[in-house]
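See below:
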């Protein structure tokens, strides 16, 4: 792959555009999370991807659980929805690095080579925020990791799940699924629907609809694998923009999950 960089598209809007402010913001969000230091490292996370003022605390609640183990993680497989370009299946950004104000993350070309069904689609990634907003958190909690960035709009659970299985690895590999939940519903209605969605995820039902989670293909793919590998998925946090920084007239739901392998 040519030495190319996927430049940040939402720095200064979804999250701070200066390195100093961004670093301080991410560190503050992570430090605010009270974690059990005796707990094992999650194998996978599901995290939201809105602007940090809205979903940052919820995302941090999951990423903080990885931080104590971050030095050993050398690969992060990151799957998110393609909002702006319709993609059937999964595509990579066609770049060797991905940049944020905190620096650059190296794309794991060798891992992508193990996924011949995944093709490069720079246009689908160029303005997509669903992966980008997770990168500063990863730069803080998994500073040694290479990245396998994948985006898609429609894909069967077994297709996404098979890709995750190929790159599953051991303790050196972390899976991160990026997704928000329901969109633009009144607060109480959104909360009720999101609670139902979360219950199905925890119950390992790979049947989440796109209208209930924009990153449903990643969630369903992870749940498909979780059933095969007997993972336990734990709901860490469930809130909405009505709880963090927005009106309660129309809210977007955010949840954080951690998935654990059997001891």
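In this note's numbering, the protein residues as written are 25 to 287.
Ideal Cβ placement from N, Cα and C applies to all residues, glycine included.
By a beta-carbon distance limit of 8 Å, residue 107 contacts residue 154. Their separation comes to about 7 Å.
Excluding sequence positions up to five before and after residue 162, its CB lies within less than 8 Å of the CB of 87, 100, 102, 129, 169, 171 and 200, all in the same chain and listed in chain order. Your pair residue 72 and residue 268 does not check out as a contact, with CB atoms roughly 10 Å apart and the cut at 8 Å.
Contact between residue 275 and residue 211 holds: CB atoms are separated by about 5 Å, below the 8 Å threshold.
Less than 7 Å divides the Cβ of residue 249 from the Cβ of residue 185.
Under the three-state reduction of DSSP, residue 205 is assigned to coil, being neither helix nor strand. Note on residue 221: 16 or more other CB atoms within 10 angstroms of its CB, so buried under the neighbour-count rule.
In the three-state reduction of the DSSP assignment, residue 264 falls in the strand class, which pools E and B. DSSP, reduced to helix, strand and coil, places residue 251 within a helical segment of the structure shown. The Cβ-Cβ distance between residue 31 and residue 57 does not fall below 7 Å.
Spanning the alpha carbons of residue 79 and residue 131 requires a straight line of approximately 25 Å. In the three-state reduction of the DSSP assignment, residue 226 falls in the helix class. Under the three-state reduction of DSSP output, residue 104 falls in the strand class. In the three-state DSSP reduction, residue 180 falls in the coil class, being neither helix nor strand. Between residue 113 and residue 179, the gap from beta carbon to beta carbon is short of 7 Å. The beta-bridge partner set that DSSP reports for residue 278 consists of 263. Straight through space, the alpha carbons of residue 251 and residue 66 are spaced by roughly 16 Å. A Cβ-Cβ distance of about 5 Å is found for the pair residue 164 and residue 50, placing them in contact under the 8 Å criterion. Counting other Cβ atoms within 10 Å of its Cβ, residue 140 stays below 16 and is therefore classed as exposed. Counting the other Cβ atoms within 10 Å of the Cβ of residue 52 gives fewer than 16, which makes it exposed. Per DSSP, the beta-bridge partners of residue 173 are 102.
Beyond the five residues adjoining it in sequence on each side, residue 282 comes within less than 7 Å, by CB distance, of 66, 69, 86, 89, 258 and 260 in the same chain, given in chain order.
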